[in-house]
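Chemist:
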Amino acid sequence: MDVLWIGLAFVAYALAVIGVVYPIIPSGPAYIFAIVFFGLYVGFGEFGVAFWVGQTLIVILLFVVDFMTSYYGITRIGGSKAAVWGSMIGLIVGPFIIPVLGIIIGAIAGAIIGELTAGGHNLKSLGKIGLGSLIGYLAGAVIKFIFLFIGLLLAGFSWWI
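Residue 121 in our numbering sits at position 116 of the sequence shown, with consecutive numbering throughout.
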């Protein structure tokens with residue numbers, strides 16, 4: 006049974022990491038499953054309060070980072086909330102239309118379409134908003150990778166110490 010739990014923990018963690026780049030897979034829930042499966046493997050009694058507080062913060066931050074980096078990247082350049090929502094929709098829909106590049110193209114196109122529906126701007130402004138969407142997405146991905154790595158280190162240290 007131990008092999009099953011550690012195997013499921015590994016798969017769930019891998020899905021969380023893949024979900025950072027491929028937003029169709031939600032990183033937060035996958036990470037929660039990884040921690041639960043790891044707890045079933047190790048035994049939940051091995052983890053102290055600091056571990057659970059740290060893991061809870063990481064899960065919350067995984068959800069918050071997605072929205073905040075897109076929001077900041079787009080609005081900092083002058084985009085509207087419609088551009089932010091368009092970017093998020095583009096991140097989800099884009100990979101279905103163009104499998105590999107759809108994430109990037111979808112985020113940019115979604116932000117531009119969202120901005121156009123909100124009243125539009127000139128072509129230069131729309132290009133900047135698309136770039137802001139891309140920068141926000143990339144920054145969010147880097148931050149989420151860091152949080153997932155910190156969570157993995159926290160689990161490893163809590164188990165071995």
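Built from N, CA and C at the ideal position, the CB exists for glycine as well.
(1) Mind checking L139: buried by the 16 CB within 10 Å criterion, or exposed?
(2) Closest to I84 by CA distance: which of L67, L96, F68, I113 is it?
(3) Residues in the same chain with beta-carbon distance under 7 Å from A21, minus the five sequence neighbours each way, listed in chain order, please.
(4) Should the region 105-123 be regarded as contacting the region 83-97, the criterion being three or more beta carbon pairs within less than 8 Å?
(5) Leaving out five residues on either side along the sequence, give the residues of the same chain with a beta carbon under 7 Å from the beta carbon of A17.
(6) Measuring straight from C-alpha to C-alpha, what distance separates I23 and I30?
(7) Could you tell me the boundaries of the alpha helix (DSSP H) in which V41 lies?
(8) Counting pairs of Cβ atoms below 8 Å between the region 144-153 and the region 68-82, do you hit three or more?
(9) So, are the CB atoms of G78 and G141 less than 8 Å apart?
(10) Go ahead and pull the three-state DSSP assignment for F56.
(11) With DSSP run on the structure shown, which of helix, strand or coil describes G124?
(12) Using a Cβ-Cβ distance under 8 Å, would G161 count as near chain C?
(13) Report the rounded CA-to-CA distance for E51 versus W10, giving the unit in angstroms.
(14) Hey, I63 and I155: beta-carbon distance below 8 Å or not?
Modeler: For this structure:
(1) That one is buried.
(2) Here residue 84 is Gly; the residue named in the question, Ile, does not match the sequence. G84 has its Cα closest to that of I113, out of L67, L96, F68, I113.
(3) S32, A35, Y36, A39, L153, listed in sequence order.
(4) Touching, per the Cβ criterion.
(5) Same-chain partners within the cutoff: A35, F38, A39, F42.
(6) If I take the Cα positions, the gap works out to 7 Å.
(7) First-last of the alpha helix (DSSP H) with V41: 32-47.
(8) Because the criterion of three Cβ pairs below 8 Å is met, the region 144-153 and the region 68-82 touch.
(9) In this structure, G141 lies closer than 8 Å to G78 by Cβ.
(10) Correct three-state label for F56: helix.
(11) Coil.
(12) Included in the structure is just one protein chain, with no chain C present.
(13) Here the C-alpha atom of E51 lies approximately 15 Å from the C-alpha atom of W10.
(14) Yes, these two residues count as a Cβ contact at 8 Å.
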